[in-house]
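K.L.:
Dumping the structure here so I can ask a few things about it.
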Amino acid sequence: MIRTCLFAFAIAVTPIAAAQAVPADTATAVSAPGRPAEATALDAGRHPAEVLRFMGLKRGDRALDLYSASGYYAEIMGRAVGPRGSVLGWTPANFMNAEGRQTQAAVHTRAPMSRSSRRRPTPSRSQPAPSISP
């Protein structure tokens with residue numbers, strides 16, 4: 397009896413769980429209008445749809461584009477996760493210049509669910525890491 401109830405409950409809950417995990421529409425994210433020509437020219441070599449499928453992004457996910465630089469993947473990922481998701485493109489401040497900041501601001505304008513963070517790295521005068529003894 398308990399097995400039957402648990403089985404019935406599992407069957408009833410399965411459609412709810414499947415509905416919550418909607419895969420990202422990677423093809424639409426890559427072919428979205430408004431992407432700059434410089435970015436779409438890179439698509440042939442970078443295969444962004446395949447990369448996004450490999451990432452396993454779903455609608456509503458939160459993702460990180462580490463060392464985002466031009467925001468190429470942050471923009472596509474932001475479109476893929478949709479308005480309920482978000483993407484943080486992170487680049488250390490010492491790797492950014494005025495042109496990079498303008499590029500990332502433009503990415504945020506085109507894909508509002510992507511944003512950038514430019515934090516300063518820790519100073520080199522910090523304490524050395526303790527050595528580990530066997």
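Every number in the numbering used here is 396 more than the matching position in the sequence shown, counting from 1.
The beta-carbon is built from N, C-alpha and C at its ideal position, and this holds for glycine as well.
When the Cα atoms are used, what is the spatial distance from P479 to A420?
P.N.:
12 Å
K.L.:
Which residues does DSSP list as the beta-bridge partners of A501?
P.N.:
A501 pairs with nothing; no bridge assigned.
K.L.:
On the three-state DSSP scale, how would you describe V483?
P.N.:
The DSSP-derived three-state label of V483 is strand.
K.L.:
Mark L462 as exposed unless 16 or more other C-beta atoms lie within 10 angstroms of its C-beta, in which case mark it buried.
P.N.:
When all chains shown are included, L462 counts as exposed.
K.L.:
CB-CB under 6 Å to A507, same chain, minus the five flanking residues each way: which ones, in chain order?
P.N.:
E471, G474, R475
K.L.:
Compare the C-alpha of F491 against each of H504, T505, A465 and name the closest.
P.N.:
A465
K.L.:
Using a Cβ-Cβ cut-off of 7 Å (strictly less than) and excluding sequence neighbours within five positions of K454, which residues of its own chain qualify?
P.N.:
So the list reads A417, V418, P419, A420, once near-sequence residues are dropped.
K.L.:
Taking only three categories from DSSP, how would you classify D457?
P.N.:
coil
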